[in-house]
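A short write-up of the structure that comes next.
Chains as they are written, first to last, in our numbering: chain A, 2 to 190; chain B, 161 to 321.
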């Protein structure tokens, strides 16, 4: 418990000094996932400067450009062009999950950090390549899940770790919705 | 692989990086007209030394949901959604007390994934080991998902060593 309190103390301290840091130059790879609205619609804050977008679907980019008010001048046709023109510190991949590997293949050797929308990859094979690239080039490779934003999940884990319900015996985790068109699972044959 | 990743990620976090001993998955396609090329319903069972996890990703829920029920030796935690948590504690054979807690959004930077990314890169935030964002967690989650696909295709339980 003491460790946890110390940790919280350190975190709080860290966060207060946060705003003095240089803003992170962030590129976006792909606009197809709905969670991309998080960064496009983000109010201006000193921690991040969104410098450019890689999206080949110009119709989609146009529509989001109007919706969120970014210029089409910062939309690039390839990852290479985006990186050359904007020199991002990090790239967030919000396109097709299949492209996560190629985003890391492009970014890791240049020391550019990557955050992908879940899941990490389309296959364990791709994930292993991504892991090796991230480790070899010393970049952070994060995976974003909506459930990581839930205070209830954090509280539930804390209570479990404190022994509130005794040792864990069974967990039931449900997710999904009624609209099947947004997500992909390979059909078993 | 998208399917079921929430549960695999959360379980790996809850189990502090422990990999399951086995993975069994059953998948079905319940809405062929909407979804011609993919299965849209799954149940994935993970076994650990002292616990079992049942992941139920589906596009056939009548409502959107991302929830979690944790059953311990003496009580239950129901994380119903982002904001409501119920705690039941056993008081007898079938009796229990129930408490409902409500939470607001997470504190900065955890309320925003991009703020988390920025803080990790500038060194002001160190993620907890096997936390949901971490690579080590997601490598295990991918292993679980890969085993789920194999299990669903073969109709067999996949043992992880």
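Note that CB positions come from ideal geometry on N, CA and C, so glycine has one too. Treat the numbers as computed from the prediction; the structure is a model and nothing was measured.
Check, Outcome
"Neighbouring residues, chain A, relative to residue 258 of chain B (Cβ below 7 Å)", "Those do not exist, as residue 258 of chain B stays about 13 Å from chain A at its closest Cβ, beyond 7 Å."
"Nearest to residue 245 of chain B (by Cα), restricted to the options B:165, B:253, B:252 and B:230", "B:230"
"Min CB distance residue 295 of chain B to chain C below 7 Å", "Given the protein chain composition of this structure (A and B), no chain C is represented."
"Closest by C-alpha distance to residue 179 of chain A, when choosing among B:194, B:203, B:167 and B:277", "B:194"
"Check whether residue 249 of chain B and residue 260 of chain B have beta carbons under 7 Å apart", "no"
"Euclidean distance between Cα positions of residue 299 of chain B and residue 62 of chain A", "32 Å"
"Residue 286 of chain B classed as buried or exposed, judged by whether at least 16 other C-beta atoms fall within 10 angstroms", "exposed"
"Cβ of residue 166 of chain B within 7 Å of any chain A Cβ", "yes"
"Residues near residue 218 of chain B in its chain [Cβ-Cβ closer than 6 Å; skip 5 each side]", "201"
"Length of the line joining the Cα atoms of residue 172 of chain B and residue 266 of chain B", "21 Å"
"6 Å Cβ shell around residue 171 of chain A - same chain, five flanking residues per side excluded", "none"
"Any C-beta of chain B under 7 Å from that of residue 154 of chain A", "yes"
"C-alpha distance - residue 35 of chain A paired with residue 73 of chain A, whole-angstrom precision", "19 Å"
"C-alpha distance - residue 272 of chain B paired with residue 83 of chain A, whole-angstrom precision", "24 Å"
"Residue 217 of chain B, DSSP secondary structure in three states", "strand"
"Beta-bridge pairing of residue 36 of chain A - partner residues as DSSP gives them", "The partner list for residue 36 of chain A (beta bridge, DSSP) is empty, contrary to what the question assumes."
"Reference residue 274 of chain B, options A:29, A:40 and A:128, closest by Cα", "A:40"
"Where the alpha helix (DSSP H) through residue 211 of chain B begins and ends", "Unbroken run through residue 211 of chain B: none, as it is neither H nor E."
"Local Cβ density within 10 Å of residue 2 of chain A, reported as buried at 16 or more and exposed below that", "For residue 2 of chain A, the predicted structure reports a pLDDT of 47, less than 50, and the residue's modelled location is therefore unreliable. The matter cannot be settled from this model."
"Chain A contact residues for residue 263 of chain B, given Cβ-Cβ distances below 7 Å", "152, 153 and 156"
"C-beta neighbour in chain A for residue 169 of chain B, strict 7 Å", "yes"
"Contact between the region 114-131 of chain A and the region 208-218 of chain B (3+ Cβ pairs under 8 Å)", "no"
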